[in-house]
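Asks:
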Amino acid sequence: MPLLTRITGPRDLDRLSLEELDQLAQEIRTFLVEAVSKTGGHLGPNLGVVELTIALHRVFDSPRDKVLFDTGHQSYVHKLLTGRQDFSRLKMKGGLSGYPAQSESEHDVIENSHASTVLGWADGIAKAHEIQGLDRHVAAVIGDGALTGGMAWEALNNIAAAKDRPLVIVVNDNERSYAPTIGGLANHLATLRTTDGYERFLARGKDLLERTPVVGRPLYDTLHGAKKGLKDFIAPQGMFEDLGLKYVGPIDGHDIEALESALTRAKRFGGPVIVHCLTEKGRGYQPALADEADRFHAVGKIHPDTGLPISTSGADWTSVFGEEMVRLGEEREDIVAITAAMLQPVGLDRFAKRFPERVYDVGIAEQHGAVSAAGLAHGGLHPVFAVYATFLNRAFDQVLMDVALHKCGVTFVLDRAGITGTDGASHNGMWDMSILQVVPGLRLAAPRDADQVRAQLREAVAVDDAPTVVRFSKGAVGPAVPAVGRVGGMDVLREPGTDHPDVLLVSVGALAPMCLEVADLLDKQGITTTVVDPRWVKPVDEAMAPLAERHRVVVTVEDNSRVGGVGSAIAQALRDAGVDVPLRDFGIPPRFLDHASRAEVLAEIGLTAPDIARQVTGLVAKLDGRYDRSGAEAVEATRD
Numbered sequence: 003m004p005l006l007t008r009i010t011g012p013r014d015l016d017r018l019s020l021e022e023l024d025q026l027a028q029e030i031r032t033f034l035v036e037a038v039s040k041t042g043g044h045l046g047p048n049l050g051v052v053e054l055t056i057a058l059h060r061v062f063d064s065p066r067d068k069v070l071f072d073t074g075h076q077s078y079v080h081k082l083l084t085g086r087q088d089f090s091r092l093k094m095k096g097g098l099s100g101y102p103a104q105s106e107s108e109h110d111v112i113e114n115s116h117a118s119t120v121l122g123w124a125d126g127i128a129k130a131h132e133i134q135g136l137d138r139h140v141a142a143v144i145g146d147g148a149l150t151g152g153m154a155w156e157a158l159n160n161i162a163a164a165k166d167r168p169l170v171i172v173v174n175d176n177e178r179s180y181a182p183t184i185g186g187l188a189n190h191l192a193t194l195r196t197t198d199g200y201e202r203f204l205a206r207g208k209d210l211l212e213r214t215p216v217v218g219r220p221l222y223d224t225l226h227g228a229k230k231g232l233k234d235f236i237a238p239q240g241m242f243e244d245l246g247l248k249y250v251g252p253i254d255g256h257d258i259e260a261l262e263s264a265l266t267r268a269k270r271f272g273g274p275v276i277v278h279c280l281t282e283k284g285r286g287y288q289p290a291l292a293d294e295a296d297r298f299h300a301v302g303k304i305h306p307d308t309g310l311p312i313s314t315s316g317a318d319w320t321s322v323f324g325e326e327m328v329r330l331g332e333e334r335e336d337i338v339a340i341t342a343a344m345l346q347p348v349g350l351d352r353f354a355k356r357f358p359e360r361v362y363d364v365g366i367a368e369q370h371g372a373v374s375a376a377g378l379a380h381g382g383l384h385p386v387f388a389v390y391a392t393f394l395n396r397a398f399d400q401v402l403m404d405v406a407l408h409k410c411g412v413t414f415v416l417d418r419a420g421i422t423g424t425d426g427a428s429h430n431g432m433w434d435m436s437i438l439q440v441v442p443g444l445r446l447a448a449p450r451d452a453d454q455v456r457a458q459l460r461e462a463v464a465v466d467d468a469p470t471v472v473r474f475s476k477g478a479v480g481p482a483v484p485a486v487g488r489v490g491g492m493d494v495l496r497e498p499g500t501d502h503p504d505v506l507l508v509s510v511g512a513l514a515p516m517c518l519e520v521a522d523l524l525d526k527q528g529i530t531t532t533v534v535d536p537r538w539v540k541p542v543d544e545a546m547a548p549l550a551e552r553h554r555v556v557v558t559v560e561d562n563s564r565v566g567g568v569g570s571a572i573a574q575a576l577r578d579a580g581v582d583v584p585l586r587d588f589g590i591p592p593r594f595l596d597h598a599s600r601a602e603v604l605a606e607i608g609l610t611a612p613d614i615a616r617q618v619t620g621l622v623a624k625l626d627g628r629y630d631r632s633g634a635e636a637v638e639a640t641r642d
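Counting in the working numbering, the sequence shown runs from 3 upward without gaps.
(1) Between the alpha carbons of Leu187 and Gly152, how many angstroms are there, rounded?
(2) Hey, is the segment 448-460 in contact with the segment 533-551, meaning 3+ C-beta pairs nearer than 8 Å?
(3) What is the rounded straight-line gap between the Cα of Leu18 and the Cα of Thr84?
(4) How big is the Cα-Cα spacing for Gly524 and Val556?
(5) Indicate whether the contact test is met: 3 or more Cβ pairs, each with one atom in the segment 364-372 and one in the segment 391-404, closer than 8 Å.
(6) Tell me, please, which residues DSSP counts as bridged to Cys279.
(7) Once you ignore the five residues that flank Ser321 on each side, which residues in its own chain have a CB closer than 7 Å to its CB?
(8) Secondary structure at Leu459, three-state DSSP: helix, strand or coil?
(9) Taking all protein chains shown into account, decide if Gln527 is buried (16 or more other Cβ within 10 angstroms of its Cβ) or exposed.
(10) Look up Ser509 in the DSSP assignment and say whether it is helix, strand or coil.
(11) Under DSSP, the beta strand (DSSP E) around Lys68 begins and ends at which residues?
(12) Which runs of the alpha helix (DSSP H) at least 4 residues long sit entirely within the segment 568-604? Give them in chain order.
(13) For Trp538, write down the residues that DSSP places opposite it in a beta bridge.
(14) DSSP beta-bridge partners for Met153?
(15) Between Asp67 and Val120, is the Cβ-Cβ spacing less than 9 Å?
(16) Taking Leu58 as the reference, give the member of Ile144, Leu261, Leu513, Asp175 with the closest Cα.
(17) Please list the terminal residues of the continuous alpha helix (DSSP H) segment that includes Ser436.
(18) In the DSSP assignment, what are the bridge partners of Arg488?
(19) Throw me the rounded Cβ distance for the Arg258 and Leu20 pair, which I believe falls under 8 Å.
(20) Tell me the rounded alpha-carbon separation between Ile312 and Pro306.
(21) Can you give, in chain order, each stretch of the beta strand (DSSP E) that sits fully within the segment 51-102 and has at least 3 residues?
(22) Using beta carbons (cut-off 9 Å, strictly below), is Thr500 in contact with chain D?
(23) Could you tell me which uninterrupted beta strand (DSSP E) segments, each at least 3 residues in length, are contained entirely in the segment 106-158, listed from first to last along the chain?
(24) Please state the DSSP three-state secondary structure of Lys624.
(25) Spell out a yes or no on whether the segment 460-471 and the segment 440-447 are touching, meaning 3 or more CB-CB pairs, one atom from each, closer than 8 Å.
(26) Could you give the DSSP three-state label for Lys165: helix, strand or coil?
(27) Scan the segment 327-410 and note each continuous beta strand (DSSP E) run of 3 residues or more that stays entirely inside, going in chain order.
(28) Using three-state DSSP, classify Leu20 as helix, strand or coil.
(29) Pull up the distance between the alpha-carbon of Glu497 and that of Asp453, whole angstroms please.
(30) Name the one or two DSSP bridge partners that Pro274 has.
(31) Using a threshold of 9 Å, state whether the C-beta atoms of Val389 and Phe414 are closer than that.
(32) Under three-state DSSP, which class holds Ile304?
(33) Taking a contact to mean a Cβ-Cβ separation below 9 Å, would you say Val173 touches Ile127 in this structure?
(34) Taking Val557 as part of the beta strand (DSSP E), name the residues at either end of that continuous run.
(35) Helix, strand or coil: how does DSSP classify Ala478 here?
(36) Under 8 Å: do the segment 592-611 and the segment 413-430 share three or more Cβ pairs, one atom per stretch?
Below is the structure:
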């Protein structure tokens with residue numbers, strides 16, 4: 003009987019011998035490769051933390067003690083050890099989340115899956131335990147990549163202030179976040195990896211000096227008294243101790259016995275301790291180890307034996323952007339690129355290969371990236387900062403006060419905008435078109451297809467006196483959606499063939515094909531519809547108000563929160579222009595959405611062509627004074 007099937011909770015690990023624990027680690031790796039290859043998910047990070055997670059759950063008593071994971075993409079092993087071994091629907095609707103989820107288990111805490119937050123959580127939980135007089139421990143696992151985020155160091159500064167508050171910080175050092183970790187901190191950790199450490203140095207010195215007559219012992223005492231300076235010289239973990247944090251390590255992150263010993267010592271200390279563990283991302287799976295780009299950080303469905311994808315899709319939004327960036331770089335020497343530890347995921351790897359001296363990876367530090375971009379622009383360059391839409395939220399103040407206030411020509415490219423689906427609530431890029439509406443001078447583009455990504459990216463980098471934003475979806479980009487005309491700066495995608503149409507349908511970004519389907523459904527009900535793509539959704543095009551005035555109803559459809567989004571901005575523009583036309587805005591409701599496929603999420607929130615057509619039919623019928631659900635029923639009938 004496999005050992006893994008006998009693990010229903012962390013305390014089941016207590017009964018296993020060291021040899022059995024090693025066997026369990028091997029079984030877990032085999033399970034992960036077989037399971038994740040069928041569903042897709044974060045494979046490399048989890049293969050790297052098998053022994054570390056086993057040791058954590060052997061030493062700490064979860065959920066009484068809190069075991070916290072930064073980002074959480076390395077929590078699959080934690081799920082297995084806490085009784086969740088059905089991975090058949092991982093990241094699918096009704097299945098396990100790809101991150102910790104409080105609804106799944108009492109052992110899970112942090113769901114936000116944004117990097118560098120775990121130490122702040124750990125600080126707060128440890129303080130709560132202290133105030134309530136609870137004798138409990140907190141263990142926070144943070145990757146070396148997440149330590150490049152400023153929030154982590156803000157938390158360390160506060161954690162160090164309490165010398166007797168029990169908190170163990172585990173640095174999972176695999177030299178990578180997605181790709182190899184860069185920067186000064188990475189160099190410091192590399193130094194720690196490659197030194198024997200001052201303890202062993204002192205031990206050898208003590209043996210030698212104590213055998214030296216007369217002067218040996220006094221010299222050793224002097225040397226030991228200079229411990230701090232020697233420590234910085236031999237193994238500069240003194241950086242952490244300067245903050246008031248005890249340091250243990252580096253520890254082999256794949257040696258369960260060594261890990262348990264280090265964690266137990268740290269737990270017994272009774273104050274804040276850093277345990278530095280060296281792990282190997284993708285360990286035990288040769289295809290992952292051979293992947294120099296990111297060690298199979300995240301994979302789709304793959305062949306478990308080869309690691310090759312089972313199927314390939316057409317060009318995706320990210321690659322279209324990446325190819326156009328290379329073309330722009332060849333045409334303009336002032337174009338530079340910025341990434342926050344995600345060179346390949348945001349499509350800048352080709353630009354980096356072609357122009358390595360014009361790419362800046364700031365680490366997981368979106369705030370710094372935005373401010374640095376302002377400085378680059380002030381210095382005469384045009385930076386393009388590519389980042390996931392959900393991560394730009396973290397740099398809002400810098401976009402507002404450093405880039406926009408100073409009228410800096412910076413282009414932000416937002417990948418994974420809108421509903422992303424399987425990565426859950428924290429990865430849906432559903433807030434950018436709302437929060438950016440309040441930034442003075444900022445211009446925001448939402449391309450509908452690959453051609454528009456290329457065109458609007460070029461329009462964005464041509465602006466040198468204000469921030470510009472280009473946002474696009476996750477996954478494959480569909481066929482081109484041609485325009486049949488233009489009004490102001492807006493593309494007309496469908497003309498109704500009448501001077502006074504019923505509906506002006508404003509289609510935002512990648513939802514253009516669906517909006518054209520809505521228009522077809524409305525046409526079958528005798529409702530005439532104009533479909534326009536504003537292209538630049540901020541500011542609202544001056545031609546929008548006079549165009550809306552020619553219609554009976556305005557309908558906006560966006561892959562963004564309805565609260566404060568494009569629909570709200572257009573409604574305000576119409577009011578300001580004195581255009582009194584009913585407006586119905588369709589978008590994402592203001593709630594956190596569970597993981598599921600993009601199509602399933604869109605269906606759940608009613609952002610589909612039949613759902614929208616049904617409601618618009620009812621709205622037009624109300625204007626005619628004849629609403630009796632017959633129109634809605636007719637639209638339903640057209641679905642088949």
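By construction, the Cβ of each residue, glycine as well, lies at the ideal position given by its N, Cα and C atoms.
Replies: With the structure as the only source:
(1) In this prediction, Leu187 has a pLDDT of 47, which is less than 50 and means its spatial position is unreliable; what the coordinates show is noted afterwards. Going from the Cα of Leu187 to the Cα of Gly152 covers about 11 Å.
(2) In short, these stretches touch, since the Cβ pair count reaches three.
(3) Approximately 16 Å, taken between the alpha carbons.
(4) For clarity, residue 524 is Leu in the given sequence; the question names Gly instead. So the two alpha carbons sit approximately 14 Å from each other.
(5) Contact holds: three or more Cβ-Cβ distances are below 8 Å.
(6) Bridge partners of Cys279 according to DSSP: Asn174, Ile253.
(7) The answer, listed in chain order, is Gly349.
(8) Three-state result, Leu459: helix.
(9) The residue in question, Gln527, is buried, as its Cβ has 16 or more Cβ neighbours within 10 Å.
(10) Three-state result, Ser509: strand.
(11) In the DSSP annotation of this structure, the continuous segment of the beta strand (DSSP E) that includes Lys68 starts and ends at 68-71.
(12) Qualifying alpha helix (DSSP H) stretches, in chain order: 568-578.
(13) Its beta-bridge partners are Ala447.
(14) According to DSSP, Met153 bridges with nothing at all.
(15) No, these two residues do not count as a Cβ contact at 9 Å.
(16) Residue Leu261 is the option with its Cα nearest to Leu58.
(17) Looking at the DSSP string, the run of the alpha helix (DSSP H) that includes Ser436 is 434-437.
(18) Among the bridge pairs identified by DSSP, Arg488 is matched with Asp493.
(19) The sequence as given places Ile at residue 258; Arg does not occur at that position. Indeed, because the Cβ distance is near 7 Å, the residues count as touching under 8 Å.
(20) Their backbone Cα atoms lie some 10 Å apart in a straight line.
(21) With a minimum length of 3 residues, the continuous beta strand (DSSP E) runs that stay inside the segment 51-102 are 68-71.
(22) No chain D appears in this structure, which consists of one protein chain only.
(23) Those beta strand (DSSP E) runs which fall completely within the segment 106-158 and span 3+ residues are 140-145.
(24) Three-state result, Lys624: helix.
(25) Short answer: they touch.
(26) In the structure shown, Lys165 adopts coil according to DSSP, grouped into three states.
(27) Taking only runs of at least 3 residues, the beta strand (DSSP E) segments lying wholly in the segment 327-410 are 337-341, 361-363, 384-390.
(28) Helix.
(29) Near 21 Å, if we compare the C-alpha coordinates of Asp453 and Glu497.
(30) For Pro274, which the question treats as bridged, DSSP gives the partners Leu169.
(31) With respect to the 9 Å criterion, Val389 and Phe414 are classified as neighbours on the basis of their beta carbons.
(32) Ile304: strand per DSSP, three-state reduction.
(33) No; because the gap between Cβ atoms is not below 9 Å, this pair is not in contact.
(34) Counting along the chain, Val557 sits inside the beta strand (DSSP E) bounded by residues 555-563.
(35) Three-state DSSP puts Ala478 in a strand.
(36) With the cut-off at 8 Å, the segment 592-611 and the segment 413-430 touch.
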